[in-house]
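Those letters in the sequence shown? Residues 1 to 498, by full-length UniProt numbering.
Ideal Cβ placement from N, Cα and C applies to all residues, glycine included.
Since the structure comes first, as structure tokens, the remarks are kept for the end.
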Amino acid sequence: MMYLMLTAMLALNVSGELLNAFLLVDRSILQAKESVERKNASLYDDFYQAHATNPSKVETSLQKSLQIKEKADALVSHIDSLKYLFVRTADGPEATPENYASVSNQDIAAQLMITERNAARSKELKGMIDEYRELLKSFVDDDKFRDNIEKVLSTKDPEHNPDNRSWESEKFEHIPMAASMAILSQIQTSVRNMESDVVNRLFIGIDEDAFKFNSIEALVLQRSDYVIQGDEYYAEIMVAGRDTTQPPIVTINGTELQTIGGRGIYRVPASNVGEKSWEGDVIIKGPDGTDRHFPIQGKYLVSAPNVVISPTKMNVFYEGIENPVEISVPGIPSENLNVTINTGKITRRGGGYIVEPAPGTAGREAVISVSAKVNGTTARNLGKKNFRIRRIPDPVAKVNNQRDGAIPKALLLAQLGVVADMEDFEFDLQFKVTEFTVAILRNGYLVDAKSNNNLFTQEQKDMMRSLSRGQRVMIQDIQAMGPDGRRRSLGSITLVID
């Protein structure tokens, strides 16, 4: 559709308004390309995750997808180099595809792609497109899909062509440079779209002959949850899937179990200590509709109670905030537990506990001790566990979720202010920016303005509004306050107006 729009525009007289329209179309095409590239990046991530789960099953499809990625990256990069060649031949070494003056020039593209070197550059571009197209088709069995690839990435001369114009003539000859640049961008977008379609098809094809599941979860299969000192703990960790629409039939020692949520529920009273074992069978429908039987067996150990102390978030406590902890002892009701800590305080809340380390204890260790009355006897010490106490890390100052880099001026002016972001932090904590300074260069002098909260002031917005493309805005002296009541000095932000 975008290509048809370009073709229709080329049939009109080249006016200033039309040239601006070409530039807008080019930007729109590039935005679409970037969107597809983000989608493709996510798709490759899915491929790598699938490969990590099952390398032997995914390896062949992954290698095909990487061949496609290599060819697509090379082709898109080559077209980028042609864009730079166009604009710098016309406007000099400082010109870029995003910022060039000769938008109406109708000679440079034809000179570089057709006249010079016996059209070697066009031949090279067509050859790379042809090679990429044939690679994609070699990975596709569906005829309609192959025909679509052929159509989208065709380098054939146009049909119904009374002037006998070639493929390269249609795209580079007697048209303004802005149109040629938009056409190159459209080729790049087509390359990425076809990459997305074929790689996605390869990814879907991994499981064509496999069992179909609509729910996936992680499982740990362990030989035993009781290990003698000096022995070895062994567990197999895997990802398991199930079809919630067709629950399995599970039998243990000849008795069919109740299934809830696709899981067989096996309950046995643990009346005597010692190792126990069981055997059974799981029956599910295969892809062909027949029953498939999977034998299962397991062991478990019934032992005397021992205390389990687990932090809900991590193996450390943070000073100045509430740290959730789960504490349980098999066989002892939680209300019978006596839980203490050597520094700060620990309180029961809901089904767990909240630890609040004492102020100034960062760098030290907290020790949680658990005791209980067992069978009505005197209190027994059931165990203890040490945790490191740490200071809450500093947040990261951001504008538009950016710490640096390019930003359109309109997008910058649309931002309310500076945000303090707790990147990759396990707790849901909020830091609030309390002050910051915006600085710019104006006529060679540094000009700044301060905000006493997290919002841009009108003066700061006016300063940013005065900037032109390529100029920098610096946001510095950023202060923030967190839930621990401590003031933090955050790093500066440097943005370039795009």
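From residue i to residue j, what distance separates their C-alpha atoms?
{"i": "Ser492", "j": "Ser466", "result": "21 Å"}
{"i": "Ala480", "j": "Phe456", "result": "15 Å"}
{"i": "Glu217", "j": "Asp73", "result": "35 Å"}
{"i": "Tyr226", "j": "Thr259", "result": "At Tyr226, the pLDDT of 42 sits below 50, so the modelled position is not reliable; the number obtained from the coordinates is stated separately. The straight-line gap from Cα to Cα measures roughly 27 Å."}
{"i": "His160", "j": "Ser166", "result": "12 Å"}
{"i": "Lys126", "j": "Asp80", "result": "15 Å"}
{"i": "Asn381", "j": "Val329", "result": "12 Å"}
{"i": "Ile283", "j": "Ile249", "result": "5 Å"}
{"i": "Ser180", "j": "Ile187", "result": "11 Å"}
{"i": "Arg146", "j": "Leu153", "result": "11 Å"}
{"i": "Ala414", "j": "Glu37", "result": "26 Å"}
{"i": "Ile392", "j": "Lys385", "result": "21 Å"}
{"i": "Glu426", "j": "Arg486", "result": "19 Å"}
{"i": "Leu412", "j": "Val399", "result": "8 Å"}
{"i": "Tyr266", "j": "Tyr233", "result": "24 Å"}
{"i": "Ser61", "j": "Ala235", "result": "29 Å"}
{"i": "Met463", "j": "Asn342", "result": "54 Å"}
{"i": "Glu124", "j": "Lys57", "result": "37 Å"}
{"i": "Gln31", "j": "Asn443", "result": "34 Å"}
{"i": "Ile29", "j": "Asp143", "result": "28 Å"}
{"i": "Ala379", "j": "Lys276", "result": "30 Å"}
{"i": "Pro324", "j": "Arg349", "result": "9 Å"}
{"i": "Met251", "j": "Gln63", "result": "Here residue 251 turns out to be Thr, not Met, going by the sequence shown. The straight-line gap from Cα to Cα measures roughly 41 Å."}
{"i": "Asp428", "j": "Leu490", "result": "19 Å"}
{"i": "Tyr353", "j": "Lys137", "result": "60 Å"}
{"i": "Ala101", "j": "Asp91", "result": "7 Å"}
Terminal residues of the continuous alpha helix (DSSP H) containing residue i?
{"i": "Asp197", "result": "Met177 to Gly205"}
{"i": "Ala90", "result": "Pro55 to Asp91"}
{"i": "Arg267", "result": "Here Arg267 belongs to no alpha helix (DSSP H), and DSSP marks it neither H nor E."}
{"i": "Tyr132", "result": "Ala120 to Ser138"}
{"i": "Arg146", "result": "Asp143 to Val152"}
{"i": "Arg465", "result": "Gln458 to Arg465"}
{"i": "Phe172", "result": "Trp167 to Phe172"}
{"i": "Lys409", "result": "Lys409 to Leu413"}
Over the uninterrupted beta strand (DSSP E) stretch that includes residue i, give me the two end residues.
{"i": "Ile249", "result": "Ile249 to Ile252"}
{"i": "Val316", "result": "Val316 to Tyr318"}
{"i": "Gln476", "result": "Arg472 to Met481"}
{"i": "Val438", "result": "Lys432 to Arg442"}
{"i": "Lys345", "result": "Lys345 to Arg349"}
{"i": "Tyr353", "result": "Gly352 to Glu356"}
{"i": "Asn338", "result": "Leu337 to Ile341"}
{"i": "Arg117", "result": "Arg117 -> no beta strand (DSSP E), and no H or E assigned at all."}
{"i": "Gly286", "result": "Looking at the DSSP string, Gly286 is not in any beta strand (DSSP E), and its letter there is neither H nor E."}
Is it the case that the Cβ atoms of residue i and residue j are separated by a distance below 9 Å?
{"i": "Leu441", "j": "Gln471", "result": "yes"}
{"i": "Val418", "j": "Phe436", "result": "yes"}
{"i": "Thr361", "j": "Ile389", "result": "yes"}
{"i": "Tyr44", "j": "Lys69", "result": "yes"}
{"i": "Phe172", "j": "Ile129", "result": "no"}
{"i": "Val496", "j": "Gly363", "result": "no"}
{"i": "Asp26", "j": "Ala182", "result": "yes"}
{"i": "Pro176", "j": "Val103", "result": "yes"}
{"i": "Val140", "j": "Val199", "result": "no"}
{"i": "Gly262", "j": "Thr244", "result": "yes"}
{"i": "residue 504", "j": "Phe86", "result": "The displayed coordinates of the chain run from 1 to 498. Any statement about residue 504 would go beyond what the structure contains."}
{"i": "Trp67", "j": "Leu19", "result": "Looking at the sequence itself, residue 67 is Gln, so the reference to Trp does not match. Cβ atoms of Gln67 and Leu19: not closer than 9 Å."}
{"i": "Gly482", "j": "Pro357", "result": "no"}
{"i": "Pro409", "j": "Asp484", "result": "It should be noted that the sequence gives Lys, not Pro, for residue 409. No, they are not a contact pair."}
{"i": "Arg469", "j": "Asn99", "result": "yes"}
{"i": "Pro158", "j": "Glu170", "result": "yes"}
Among the options, which has the Cα closest to the Cα of residue i?
{"i": "Ser185", "options": "Leu257, Ser77, Phe203 and Glu124", "result": "Ser77"}
{"i": "Gln297", "options": "Glu326, Gly254 and Ile332", "result": "Gly254"}
{"i": "Val397", "options": "Asp157, Arg488 and Ala414", "result": "Val is not the amino acid found at residue 397; the sequence shown has Ala there. The candidate whose alpha carbon is nearest that of Ala397 is Arg488."}
{"i": "residue 510", "options": "Gly444, Gln430 and Arg469", "result": "Because the chain here runs from 1 to 498, residue 510 falls outside it and cannot be looked at."}
{"i": "Gly241", "options": "Ala90, Arg192, Pro324 and Asn214", "result": "Asn214"}
{"i": "Gly344", "options": "Gln31, Pro359, Tyr353 and Pro333", "result": "Pro359"}
{"i": "Val191", "options": "Lys33, Lys450 and Thr245", "result": "Lys33"}
{"i": "Gln246", "options": "Tyr266, Val268, Ala410 and Gly286", "result": "Gly286"}
{"i": "Gln111", "options": "Asn148, Ala21, Thr89 and Lys409", "result": "Thr89"}
{"i": "Val239", "options": "Ala52, Gln31, Pro483 and Met474", "result": "Ala52"}
{"i": "Thr494", "options": "Asp107, Gln402, Lys461 and Leu75", "result": "Gln402"}
{"i": "Ile149", "options": "Asp157, Leu19 and Asn193", "result": "Asn193"}
{"i": "Ala120", "options": "Leu82, Ser334 and Pro93", "result": "Leu82"}
{"i": "Gly351", "options": "Glu365, Glu326, Gly383 and Pro357", "result": "Glu326"}
{"i": "Leu24", "options": "Glu131, Ser138, Ala178 and Pro162", "result": "Ala178"}
{"i": "Ser42", "options": "Ser196, Ala95 and Tyr132", "result": "Ser196"}
{"i": "Ala439", "options": "Leu416, Asn452 and Val473", "result": "Val473"}
{"i": "Thr434", "options": "Asn452, Tyr445 and Glu423", "result": "Asn452"}
Below 8 Å, how does it come out for the stretch 335 to 344 and the stretch 354 to 370: are there three or more Cβ pairs, yes or no? At 8 Å Cβ cutoff, the stretches touch.
Contact the stretch 314 to 328 vs the stretch 274 to 292: 3+ CB pairs below 8 Å: Between the stretch 314 to 328 and the stretch 274 to 292, the count of C-beta pairs closer than 8 Å stays below three; the two stretches do not touch.
If we count Cβ pairs, one from each stretch, closer than 8 Å, do we get three or more for the stretch 199 to 206 versus the stretch 44 to 53? Counting C-beta pairs with one atom in each stretch, the stretch 199 to 206 and the stretch 44 to 53 have three or more that are closer than 8 Å, which means they touch.
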